[in-house]
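Undergrad: Pasting a structure below so you can have a look.
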Amino acid sequence: MTLRLAPGLPLAFLAGCSLAADVAGLPRSGLQPDGRFVLGEDVARLDCRGLRDRIESNFLIVKRAAARVTAEKTAPPPTLVALYERASGGIDGGSASARTMRVKGIEIRALDAEMKRKTCPETDVEARLREITGDAADHGVRPAGG
């Protein structure tokens, strides 16, 4: 006798586990509801060079997002949610790129804290973020803590 599972059952099980973790308040890697960024175990195992590479990769993402913010702010909102956020002054002003900048900025700061914890050579991530997001910041988009 072969036991067959419904095709969506494993996915539903994983979603249920994720929901249970959320309800229990257990942190998982990524942006937390309180604004902190929890690094995954894979990142915690990185050495100084690996952390530096991860930070540089995130800086590239922030740079691309910053270049798109102005266009998104002047274009009509693509969704009703974005329209509401823009009208109500939501944290990212209805801009997906502004959200990317904010979240990646938080992740960069978490990676930088991990580098300091491991006594890696320090860099001024705040200065780099200000340099990259300068024009976007003029449009009311500022990284968290900035």
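Every position in the sequence shown, counted from 1, becomes a number in the numbering used here once 1002 is added.
Every residue, glycine too, gets a C-beta built ideally from N, C-alpha and C.
#1: Three Cβ pairs or more, each shorter than 8 angstroms: is that satisfied between the region 1117–1127 and the region 1062–1069?
#2: Taking the C-alpha atoms as reference points, what is the distance between Ile1108 and Cys1050?
#3: If I follow the unbroken alpha helix (DSSP H) through Thr1102, where does it start and stop?
#4: With H, G and I counted as helix, E and B as strand and the rest as coil, what does DSSP make of Gly1032?
#5: Output the distance between the C-alpha atoms of Leu1082 and Ala1089, rounded to the nearest integer angstrom.
#6: Please list, in chain order, all residues of the same chain as Lys1106 whose beta carbon is under 6 angstroms from its beta carbon, the five residues on each side excluded.
#7: Look at the alpha carbon of Asp1041 and the alpha carbon of Ala1112, and state the distance between them as a whole number of angstroms.
#8: Helix, strand or coil for Gly1136? Go by DSSP, reduced to three states.
#9: Tell me the residue span of the alpha helix (DSSP H) that contains Leu1053.
#10: Look at the alpha carbon of Thr1135 and the alpha carbon of Pro1079, and state the distance between them as a whole number of angstroms.
#11: Taking the straight line between their C-alpha atoms, what separation do you get for Ala1077 and Gln1034?
#12: Taking the straight line between their C-alpha atoms, what separation do you get for Ala1100 and Gly1037?
#13: Quick check on Glu1124: buried or exposed, where buried means 16 or more other Cβ atoms within 10 Å of its Cβ?
TA: Let's see:
#1: no
#2: 19 angstroms
#3: Ala1098 to Arg1119
#4: strand
#5: 10 angstroms
#6: Asn1060, Ile1063 and Val1064
#7: Just to set this straight, residue 1041 is Leu in the shown sequence, not Asp. Roughly 7 angstroms between the two C-alpha positions.
#8: helix
#9: Cys1050 to Thr1076
#10: 21 angstroms
#11: 30 angstroms
#12: 15 angstroms
#13: exposed
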